[in-house]
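Trainee:
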Amino acid sequence: MTSWEKDKLALQSIRREVFINEQQVPEALEWDEFDNSSLHFICTLENKVIATARLKPDGKIGRMAVLQDYRNLGYGNKLLIFVIQTACDKNINNLYLHAQVSAIPFYEKQGFSVCSDIFYEANIPHREMSKIIC
Ligand SMILES: CC(C)(COP(=O)(O)OP(=O)(O)OC[C@H]1O[C@@H](n2cnc3c(N)ncnc32)[C@H](O)[C@@H]1OP(=O)(O)O)[C@@H](O)C(=O)NCCC(=O)NCCS
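Using the working numbering, the first residue of the sequence shown is number 2, and each one after it goes up by one.
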């Protein structure tokens with residue numbers, strides 16, 4: 002677990018690679034006012050940052066990203082479990098997220114349920130998902 006202040010460069014680097022370069026999310030949408038107040042998570046492998054996520058104080062999980070070369074190896078799942086456990090430890094009990102439609106099965110594996118119709122963010126179809134914990 003880390004903060005924007007402490008690990009801004011590493012967090013920016015992985016989010017730039019996955020969201021801005023790979024998924025063509027406009028840079029102006031990627032960085033927002035919630036980075037400063039969120040908890041951030043970094044997963045490293047042999048000193049290389051390979052995955053990240055953030056948790057807002059209101060229970061929203063977001064910016065979940067695993068570098069392309071490291072996908073489908075279980076790292077995203079492990080990171081999501083850690084984020085959920087951290088939320089539980091902090092008594093943040095109502096979790097929600099805006100899932101890219103292609104990632105819905107990934108979140109369903111950890112018990113999140115779809116709770117909205119499709120909407121678009123950065124031109125990518127999303128649905129809101131939620132999970133009550135603890
Ligand atoms: C979505 C993402 C974070 C998943 O991370 P990952 O490390 O590849 O996922 P894991 O290897 O831990 O997968 C966990 C499970 O979810 C499944 N899964 C992962 N991505 C999936 C997808 N896009 N569609 C369907 N199932 C998926 C895996 O098959 C695996 O299931 P299994 O345990 O039965 O084999 C990763 O693909 C990613 O960073 N994508 C680009 C950025 C992105 O879209 N982020 C999500 C924004 S909402």
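Virtual Cβ for every residue (Gly too), placed ideally from N, Cα, C.
SER131 to TYR97, Cα distance in whole Å?
Mentor: Taking the straight line joining both Cα atoms gives about 4 Å.
Trainee: What does a CB cutoff of less than 6 Å around GLY112 pick up in its chain, not counting 5 residues either side in sequence?
Mentor: LYS132
Trainee: Considering just the uninterrupted stretch of the alpha helix (DSSP H) at ILE82, what are its terminal residues?
Mentor: 76-90
Trainee: Would GLY77 and VAL84 be called neighbours here (beta carbons separated by less than 8 Å)?
Mentor: no
Trainee: What's the gap between the Cα of ALA29 and the Cα of ARG17?
Mentor: Spanning the two alpha carbons is a distance of roughly 11 Å.
Trainee: DSSP beta-bridge partners for ILE134?
Mentor: For ILE134, which the question treats as bridged, DSSP gives no partner whatsoever.
Trainee: With distance defined between alpha-carbon atoms, name the residue in LEU10, SER4, PHE35 nearest to LYS61.
Mentor: PHE35
Trainee: Please report the straight-line C-alpha distance between ALA123 and ALA104, rounded to a whole angstrom.
Mentor: 15 Å
Trainee: Tell me which same chain residues have a C-beta within less than 6 Å of the C-beta of CYS116, skipping the five on either side of it?
Mentor: GLU129, SER131
Trainee: Starting from the Cα of LEU80, find the closest Cα among SER38, GLN25, ALA52 and give me that residue.
Mentor: Out of SER38, GLN25, ALA52, ALA52 has the C-alpha closest to the C-alpha of LEU80.
Trainee: Is there at least one non-hydrogen atom of ligand 1 closer than 7 Å to the beta-carbon of GLY140?
Mentor: Here the chain has residues from 2 to 135 only, and residue 140 is not among them.
Trainee: Thinking C-beta only, is ASN94 closer than 8 Å to ILE134?
Mentor: A contact, by the Cβ cut-off of 8 Å.
Trainee: Using the three-state DSSP reduction, which class does LEU68 fall into: helix, strand or coil?
Mentor: coil
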